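Residue numbers (the numbering used here): 1140 to 1534.
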């Protein structure tokens, strides 16, 4: 029994010895294995150097692009070319620009740049300085193109009514298509009939044209009032196109497209034309617009005297009861809602009033001061009658 116990203990010692030796050998193998060298950490100086290199490369590329661009513009300006071949290759841009009286060369160059006519206001001014032509630029409304050379543009902007090369045609706010036709014919540009024919059936490349309903005097209301310099070689189409281009820039693109309104452009043109003929005091245009909208919303007839005069094709200071009986689609005493078309060509302030009316409950107004053109506005019919009687009694 003792021997068995000794044998077991001996075997246990041998097993433990074998395990110790195995563990020792494993430790020796691990110790003998070469350690993986640590990657050296990059210093802050290295990162700064790399960042500076990248920044230098970016700056170099930007400077190179600017130099190439500057050289291109300089070369074109020197040669009298307003735009690069790439820009010319896109499409021809024709725009009507307005140069205010006394405008600086900077204002003129910025106006041309914003209209897409020139590539660089700075180089245009440089060219003007080199050629010494800016002093001769006139004020007014000009039709120009990005395909013009510098000399062609300078000649256009230097046009004067006294130069013998241009007519100075002025369209006054509120002028009807009949007034404009008579004015154009007086210069010998075309006959009144030719002017009407172009307005009714001429083809023009503006987005708003296709939305104008078919009617007599189709472009009434779209011939924007302004002063135009008309070349001797221009005809009826050219004159009408200048006015439409001006309308496109100032009204359609300028304020209508960005306005929030449930009314179509043609409705706004009609409303603006009524405001223009009814209201002479600028501060009242948006108030008068509120009257028009309030009447339309309530289903009332507009009953605007200016529409009666247009229907009758008369110019007089007062409308009588008999006048309101004219059976015409332009007479708002006769028809419901808006007249069939505009009753004249409105200025920008009337369009702004039509697009941004005051928030009122007025549905009546009556002239209060014939000298200033101010009106009395009210929502009460009896109040309106009283104010009307006061005005008539003071005549």
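All C-beta atoms, glycine included, are put in the ideal place defined by N, C-alpha and C.
Owing to the predicted nature of the structure, the values given are computational and were not obtained by experimental measurement.
Neighbour-count burial assignment, residue 1225, 16 or more Cβ in a 10 Å radius | Numbered from its first residue, the chain shown carries residue 1225 at position 86. Model confidence at residue 1225 stands at a pLDDT of 46, short of 50, so the residue's coordinates are unreliable; what they give is reported in the following sentence. The residue is exposed, with fewer than 16 neighbouring Cβ atoms inside 10 Å.
Answer with buried or exposed for residue 1301, where buried requires no fewer than 16 other C-beta atoms within 10 angstroms of its C-beta.
-> Within the chain shown, the letter at position 162 stands for residue 1301. Confidence at residue 1301 is low in this model, with a pLDDT of 45, below 50, so its placement is unreliable and the value that follows should be read with caution. Exposed: under 16 other Cβ atoms inside 10 Å.
Within 10 angstroms of the Cβ of residue 1364, are there 16 or more other Cβ atoms? Answer buried if so, exposed if not.
-> By 1-based counting over the chain shown, the position of residue 1364 is 225. With 16 or more Cβ atoms within 10 Å of its Cβ, residue 1364 is classed as buried.
Burial state of residue 1191, where buried means 16 or more other Cβ atoms lie within 10 Å = For the purposes of this step, residue 1191 is taken as residue 52 along the chain shown, with counting starting at 1. Answer is exposed; the Cβ neighbour count stays below 16.
Just mark residue 1245 as buried or exposed, buried being the case when its beta carbon has 16 or more other beta carbons within 10 Å.
-> Here the question's residue 1245 lines up with position 106 in the chain shown. When all chains shown are included, residue 1245 counts as exposed.
Euclidean distance between Cα positions of residue 1532 and residue 1415 = In the chain shown, residue 1532 corresponds to position 393, counting from 1. In the chain shown, residue 1415 corresponds to position 276, counting from 1. Whole-angstrom Cα-Cα distance: 26 Å.
Between residue 1422 and residue 1198, what straight-line distance do the alpha-carbon atoms span, to the nearest angstrom?
-> Looking up residue 1422 in the chain shown gives position 283. Looking up residue 1198 in the chain shown gives position 59. Those two C-alpha atoms are separated by around 53 Å.
Check residue 1479 in the structure and name its three-state DSSP category.
-> As a working mapping, residue 1479 is identified with position 340 in the chain shown. If DSSP states are grouped into helix, strand and coil, residue 1479 belongs with coil.
Out of 1431, 1447, 1457 and 1509, point me to the one whose CA is closest to residue 1517's CA.
-> Counted from its first residue, the chain shown places residue 1517 at position 378. Minimum Cα distance to residue 1517 is reached at 1431.
Can the beta-carbon of residue 1280 be found closer than 9 Å to that of residue 1368?
-> Taking the chain shown and counting its residues from 1, the one referred to as residue 1280 is at position 141. Taking the chain shown and counting its residues from 1, the one referred to as residue 1368 is at position 229. Their beta carbons are under 9 Å apart, which means residue 1280 touches residue 1368 by this criterion.
Of the residues 1505, 1236, 1491 and 1362, which one's Cα is nearest the Cα of residue 1284?
-> Here residue 1284 is taken as the residue at index 145 of the chain shown, counted from 1. Nearest C-alpha to residue 1284: 1236.
DSSP bridge partner residues for residue 1234 (one or two, in chain order) = One-based indexing of the chain shown puts residue 1234 at position 95. Residue 1234 is bridged to 1283.
How many angstroms separate the CA atom of residue 1528 from the CA atom of residue 1461?
-> Along the chain shown, one-based indexing puts residue 1528 at 389. Along the chain shown, one-based indexing puts residue 1461 at 322. Taking the straight line joining both Cα atoms gives about 19 Å.
Buried or exposed: residue 1325, going by 16 or more other Cβ atoms within 10 Å of its Cβ?
-> The residue labelled residue 1325 in the question sits at position 186 within the chain shown. The residue in question, residue 1325, is exposed, as its Cβ has fewer than 16 Cβ neighbours within 10 Å.
Is there contact here, the region 1371-1380 with the region 1446-1457, by at least three beta-carbon pairs under 8 Å?
-> no
Establish whether the CB of residue 1419 and some CB of chain D are separated by less than 9 Å.
-> Checking the listed chains, one finds no chain D in this structure; it contains a single protein chain.
Beta-carbon proximity check, residue 1313 vs residue 1480, cutoff 9 Å | Residue mapping note: residue 1313 aligns to position 174 of the chain shown, counting from 1. Residue mapping note: residue 1480 aligns to position 341 of the chain shown, counting from 1. For residue 1313 and residue 1480, no; Cβs fall outside 9 Å.
For residue 1218, does the three-state DSSP call read helix, strand or coil?
-> To locate residue 1218, count along the chain shown from 1; it is residue 79. Confidence at residue 1218 is low in this model, with a pLDDT of 48, below 50, so its placement is unreliable and the value that follows should be read with caution. Residue 1218: coil per DSSP, three-state reduction.
Secondary structure at residue 1366, three-state DSSP: helix, strand or coil?
-> Within the chain shown, numbered from 1, the residue matching residue 1366 stands at position 227. Of the three classes helix, strand and coil, the one that applies to residue 1366 here is strand, per DSSP.
Same chain, Cβ closer than 7 Å to residue 1269, neighbours up to 5 away in sequence not counted | Position 130 of the chain shown holds residue 1269. Cβ neighbours of residue 1269 beyond the five flanking positions: none.
Give the range of the beta strand (DSSP E) segment to which residue 1505 is assigned.
-> Within the chain shown, residue 1505 is the residue found at index 366, counting from 1. It spans 1503-1508 - the beta strand (DSSP E) in which residue 1505 sits, taken as one unbroken run.
Does the region 1348-1361 touch the region 1463-1481, meaning 3 or more C-beta pairs lie closer than 8 Å?
-> yes
Following the continuous alpha helix (DSSP H) through residue 1494, name the residue where it begins and the one where it ends.
-> Taking the first residue of the chain shown as 1, we reach residue 1494 at position 355. Its alpha helix (DSSP H) spans residues 1487-1494.
Length of the line joining the Cα atoms of residue 1218 and residue 1362 = On the chain shown, residue 1218 is found 79 positions in, with the first residue counted as 1. On the chain shown, residue 1362 is found 223 positions in, with the first residue counted as 1. Note that residue 1218 scores 48 on pLDDT, short of 50, meaning its location in the model is unreliable and no value can be drawn from it.
Going by Cα to Cα distance, which pick from 1400, 1264, 1289 and 1317 is closest to residue 1454?
-> On the chain shown, position 315 is the one that residue 1454 refers to. Cα-wise, what sits closest to residue 1454 is 1317.
Give the straight-line distance between the Cα atoms of residue 1233 and residue 1521, rounded to the nearest whole angstrom.
-> By 1-based counting over the chain shown, the position of residue 1233 is 94. By 1-based counting over the chain shown, the position of residue 1521 is 382. Going by the C-alpha atoms only, they are around 54 Å apart.
Bridge-paired residues (DSSP) for residue 1515 = By 1-based counting over the chain shown, the position of residue 1515 is 376. DSSP, once it has assigned bridges, lists 1505 as partnering residue 1515.
What residue does the alpha helix (DSSP H) around residue 1296 start on, and which one ends it?
-> For the purposes of this step, residue 1296 is identified with residue 157 of the chain shown, where counting begins at 1. Counting along the chain, the alpha helix (DSSP H) containing residue 1296 begins and ends at 1289-1296.
Residues that DSSP places opposite residue 1196 in a beta bridge = By 1-based counting over the chain shown, the position of residue 1196 is 57. DSSP lists no partner for residue 1196.
State buried or exposed for residue 1266, treating a residue as buried only when at least 16 other CB atoms are found within 10 Å of its CB.
-> Start at 1 with the first residue of the chain shown, and residue 1266 comes out as number 127. Classification for residue 1266: buried.
Would you mind reading off the limits of the alpha helix (DSSP H) that contains residue 1537?
-> Absent from the structure is residue 1537, since the part of the chain shown begins at 1140 and ends at 1534.
Could you tell me which of 1322, 1346, 1358 and 1296 sits nearest to residue 1337, measuring between CA atoms?
-> What you label residue 1337 is simply residue 198 of the chain shown in a count that begins at 1. With distances taken between Cα atoms, residue 1337 lies closest to 1358.
Using alpha carbons as the reference points, say which of 1340, 1443, 1425 and 1493 lies closest to residue 1395.
-> Taking the first residue of the chain shown as position 1, residue 1395 is located at position 256. Here the closest residue by C-alpha is 1493.
Check whether the Cβ atoms of residue 1296 and residue 1276 sit closer than 9 Å, and answer yes or no.
-> Locating residue 1296 in the chain shown gives position 157, counting from the first residue. Locating residue 1276 in the chain shown gives position 137, counting from the first residue. Their beta carbons are under 9 Å apart, which means residue 1296 touches residue 1276 by this criterion.
C-alpha gap between residue 1472 and residue 1435, whole angstroms = Locating residue 1472 in the chain shown gives position 333, where the first residue counts as 1. Locating residue 1435 in the chain shown gives position 296, where the first residue counts as 1. Near 13 Å, if we compare the C-alpha coordinates of residue 1435 and residue 1472.
For residue 1424, is the classification buried or exposed, using 16 other Cβ atoms within 10 angstroms of its Cβ as the cut-off for buried?
-> Residue numbering aside, residue 1424 sits at position 285 when the chain shown is read from its first letter. Counting Cβ neighbours within 10 Å, residue 1424 comes out buried, since at least 16 surround it.
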